[in-house]
Amino acid sequence: MAWHWRFLKRANEQKGVLIVVTLAALVALLTGSHPLWGALLWLAVVVTALALAPRAEVDKVPQAEVEAPSEKSCLPQVSAAAAALDMPVIVLDREGAALFQNAAATRALGVFPVGVHVFARLRSPGVVDMVRETLATSEPNQIEHSERLPSERVYVVRIAPVTVAEKAVASEEQLYLLSFRDISELRRIDRMRSDFVANASHELRTPLASLRGFIETLLGPAREDPKARERFLVIMLDQVTRMSRLVDDLLSLSRLEVKSHLAPDQNIDLVPLLGHVRDALAPLAEDLDVAINLHLPEGKAEVLGDRDELVQVFENLIENACKYGQEGKAVDVYLRNGEGRPIEVSVVDRGAGIPAEHVPRLTERFYRVSVEDSRSKKGTGLGLAIVKHILTRHRARLIVHSKVGEGTEFTVRF
Numbered sequence: 104m105a106w107h108w109r110f111l112k113r114a115n116e117q118k119g120v121l122i123v124v125t126l127a128a129l130v131a132l133l134t135g136s137h138p139l140w141g142a143l144l145w146l147a148v149v150v151t152a153l154a155l156a157p158r159a160e161v162d163k164v165p166q167a168e169v170e171a172p173s174e175k176s177c178l179p180q181v182s183a184a185a186a187a188l189d190m191p192v193i194v195l196d197r198e199g200a201a202l203f204q205n206a207a208a209t210r211a212l213g214v215f216p217v218g219v220h221v222f223a224r225l226r227s228p229g230v231v232d233m234v235r236e237t238l239a240t241s242e243p244n245q246i247e248h249s250e251r252l253p254s255e256r257v258y259v260v261r262i263a264p265v266t267v268a269e270k271a272v273a274s275e276e277q278l279y280l281l282s283f284r285d286i287s288e289l290r291r292i293d294r295m296r297s298d299f300v301a302n303a304s305h306e307l308r309t310p311l312a313s314l315r316g317f318i319e320t321l322l323g324p325a326r327e328d329p330k331a332r333e334r335f336l337v338i339m340l341d342q343v344t345r346m347s348r349l350v351d352d353l354l355s356l357s358r359l360e361v362k363s364h365l366a367p368d369q370n371i372d373l374v375p376l377l378g379h380v381r382d383a384l385a386p387l388a389e390d391l392d393v394a395i396n397l398h399l400p401e402g403k404a405e406v407l408g409d410r411d412e413l414v415q416v417f418e419n420l421i422e423n424a425c426k427y428g429q430e431g432k433a434v435d436v437y438l439r440n441g442e443g444r445p446i447e448v449s450v451v452d453r454g455a456g457i458p459a460e461h462v463p464r465l466t467e468r469f470y471r472v473s474v475e476d477s478r479s480k481k482g483t484g485l486g487l488a489i490v491k492h493i494l495t496r497h498r499a500r501l502i503v504h505s506k507v508g509e510g511t512e513f514t515v516r517f
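Heads up, the sequence shown is in my numbering, so the first residue is 104 and it goes up one at a time.
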């Protein structure tokens with residue numbers, strides 16, 4: 104108790120007075136005085152001496168000395184800092200037991216009960232070895248760790264000792280931060296970029312190889328053959344046109360990616376826009392012997408959008424329907440604008456249809472259901488990828504329904 108300590112402290116400070124009083128009490132006893140009077144005299148003098156002791160000396164005693172000593176800890180500060188981070192972080196002690204986890208760690212990794220050893224929850228041998236090494240050496244470490252369930256995720260797992268000011272910690276505790284930085288999206292983008300470069304290189308290599316072969320033939324055996332020269336020049340023009348379309352589509356994708364986060368804010372009436380698209384595709388439809396039928400509501404059907412980009416979307420969808428649904432002889436375009444319902448544009452063909460396993464991948468770059476069929480129809484493999492990017496910018500969805508032998512319906516829902 105604090106008052107106990109204060110009493111002893113004052114007694115120690117007044118020990119000279121106490122010695123004199125004690126000797127006086129002994130003399131009184133030896134001279135024949137009653138023992139009770141000697142004891143009372145001694146007690147009275149002691150109490151008086153303690154009461155008159157200088158208060159300033161007692162008041163100068165630090166509070167930490169008065170109360171039971173308690174070790175300071177940096178855990179509250181470290182935990183508060185970890186709680187503010189958006190990446191999963193777990194605070195460990197020198198034995199590897201979990202002392203704290205932030206909300207991001209709870210969402211990503213589940214609950215780590217306080218005091219439970221981290222090795223009991225982490226099953227990756229690489230992560231376990233890394234943590235064990237850092238606990239033994241106090242040297243920072245990191246490793247790349249991937250998980251496949253419940254979904255594929257890739258983390259950079261890092262562990263490092265917490266460094267605090269020497270005066271801030273009275274104990275010899277050592278804390279460690281185990282963090283998980285999610286790089287799944289970066290890895291996905293890297294794979295997409297690699298696939299994109301590989302596919303684009305392949306798509307450009309084929310027409311370039313054709314052009315080189317025809318040029319070498321014209322410079323050699325067909326130098327004096329007018330018929331061969333005319334036939335080869337027509338093929339070369341077709342290959343150059345294909346490369347030009349591919350480059351244009353690549354540039355369109357690049358521009359769309361740059362401004363994908365900027366939503367358009369113009370009011371666009373889809374009724375005249377779809378009429379313009381039909382008129383622009385009329386020569387192609389006539390060559391393919393396909394009729395484009397518009398089913399439009401009365402009045403306006405306005406959405407927020409970019410007119411040129413929406414024209415590109417519906418030109419792409421209707422052109423694909425004419426090419427790949429050519430045997431159906433007709434393409435129907437429905438614009439629905441019911442009250443209380445989102446505006447929808449559906450492009451329906453009566454062609455061969457698309458097998459179900461291909462539907463989820465239709466908007467991938469350079470993905471083709473049939474490579475030969477696509478090339479024969481002069482497709483670049485980027486059309487639906489462009490459509491997807493434009494609709495993402497317009498906060499719209501592309502919905503695909505198809506049955507083999509019955510046809511395909513592409514619906515744009517705003």
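Cβ atoms here follow ideal geometry from the backbone N, Cα and C, with glycine treated the same way.
Keep in mind the model is a prediction, meaning the values are calculated, not measured.
So the candidates are the options; which of them puts its Cα closest to the Cα of residue i?
i: Gly218; options: Glu401, Val230, Leu202; result: Leu202
i: Leu487; options: Tyr470, Val257, Arg498; result: Tyr470
i: Arg251; options: Ser227, Asp411, Ala206, Val490; result: Ser227
i: Arg261; options: Glu401, Glu276, Pro243; result: Pro243
i: Lys506; options: Val416, Ala331, Ala459; result: Ala459
i: Arg210; options: Asp196, Gly229, Val192; result: Val192
i: Glu467; options: Pro386, Arg294, Leu281, Ser182; result: Arg294
i: Glu247; options: Gly229, Arg235, Thr344, Gly484; result: Gly229
i: Leu501; options: Gly508, Phe417, Gly428; result: Phe417
i: Ala375; options: Pro367, Ala385, His461, Leu399; result: Correcting the residue identity first, residue 375 is Pro in this sequence and not Ala. Selected option, being the one with the closest Cα: Leu399.
i: Val450; options: Arg439, Arg444, Glu198; result: Arg439
Output the distance between the C-alpha atoms of residue i and residue j, rounded to the nearest integer angstrom.
i: Val257; j: His220; result: 23 Å
i: Gly408; j: Glu306; result: 32 Å
i: Val380; j: Leu322; result: 43 Å
i: Lys426; j: Ala394; result: 12 Å
i: Glu170; j: Ser176; result: Any answer about Glu170 is weak, because its pLDDT of 37 lies below 50 and its placement is not dependable; what the coordinates show is given next. Distance between the alpha carbons of Glu170 and Ser176 is about 17 Å.
i: Phe222; j: Thr511; result: 53 Å
i: Leu377; j: Leu397; result: 8 Å
i: Lys432; j: Asp452; result: 8 Å
i: Tyr437; j: Ser473; result: 27 Å
i: Val406; j: Leu359; result: 19 Å
i: Phe517; j: Leu373; result: 11 Å
i: Val503; j: Gln277; result: 57 Å
i: Ser249; j: Val259; result: 9 Å
i: Asp435; j: Gln204; result: 57 Å
i: Thr100; j: Asp196; result: Residue 100 is absent from the model: the chain starts at 104 and stops at 517.
i: Pro172; j: Glu255; result: Only weak support is given to the placement of Pro172: the predicted model assigns it a pLDDT of 36, under 50, and the value that follows is read from those uncertain coordinates. Each residue's alpha carbon lies about 50 Å from the other.
i: Gly441; j: Gln415; result: 25 Å
i: Val164; j: Leu178; result: Only weak support exists for where Val164 lies, its pLDDT of 37 falling under 50; the value from the coordinates is given anyway. Going from the Cα of Val164 to the Cα of Leu178 covers about 28 Å.
i: Arg410; j: Ala187; result: 44 Å
i: Val181; j: Leu465; result: 49 Å
i: Glu389; j: Gln369; result: 33 Å
i: Gln429; j: Leu391; result: 7 Å
i: Glu327; j: Pro367; result: 57 Å
i: Val343; j: Val234; result: 58 Å
Would you identify the three-state DSSP class for residue i, choosing helix, strand or coil?
i: Asp341; result: helix
i: Ser227; result: coil
i: Gly431; result: helix
i: Gly316; result: helix
i: Phe222; result: helix
i: Leu485; result: coil
i: Lys403; result: coil
i: Leu212; result: helix
i: Arg439; result: strand
i: Asp285; result: strand
i: Gly408; result: strand
i: Arg468; result: coil
i: Leu384; result: helix
i: Gln277; result: coil
i: Val181; result: helix
i: Thr266; result: coil
i: Glu62; result: Residue 62 is absent from the model: the chain starts at 104 and stops at 517.
Is the Cβ of residue i closer than 8 Å to any Cβ of chain C?
i: Asp341; result: Although the question refers to chain C, the structure presented lacks it and comprises just one protein chain.
Please go through the region 319-366 and give each complete alpha helix (DSSP H) segment of 4 or more residues, from N-terminal end onward. For secondary structure counted as the alpha helix (DSSP H) over 4 or more consecutive residues, the region 319-366 holds these complete runs in sequence order: 329-361.
Touch check for the region 330-339 and the region 282-301: three-plus C-beta pairs under 8 Å? The region 330-339 vs the region 282-301: no contact.
Across the region 283-290 and the region 317-333, are there enough close Cβ pairs to call them in contact, namely three or more that are closer than 8 Å? Touching, no.
Is the number of C-beta pairs between the region 483-499 and the region 350-368 that are closer than 8 Å three or more? Yes: at least three Cβ pairs fall under 8 Å.
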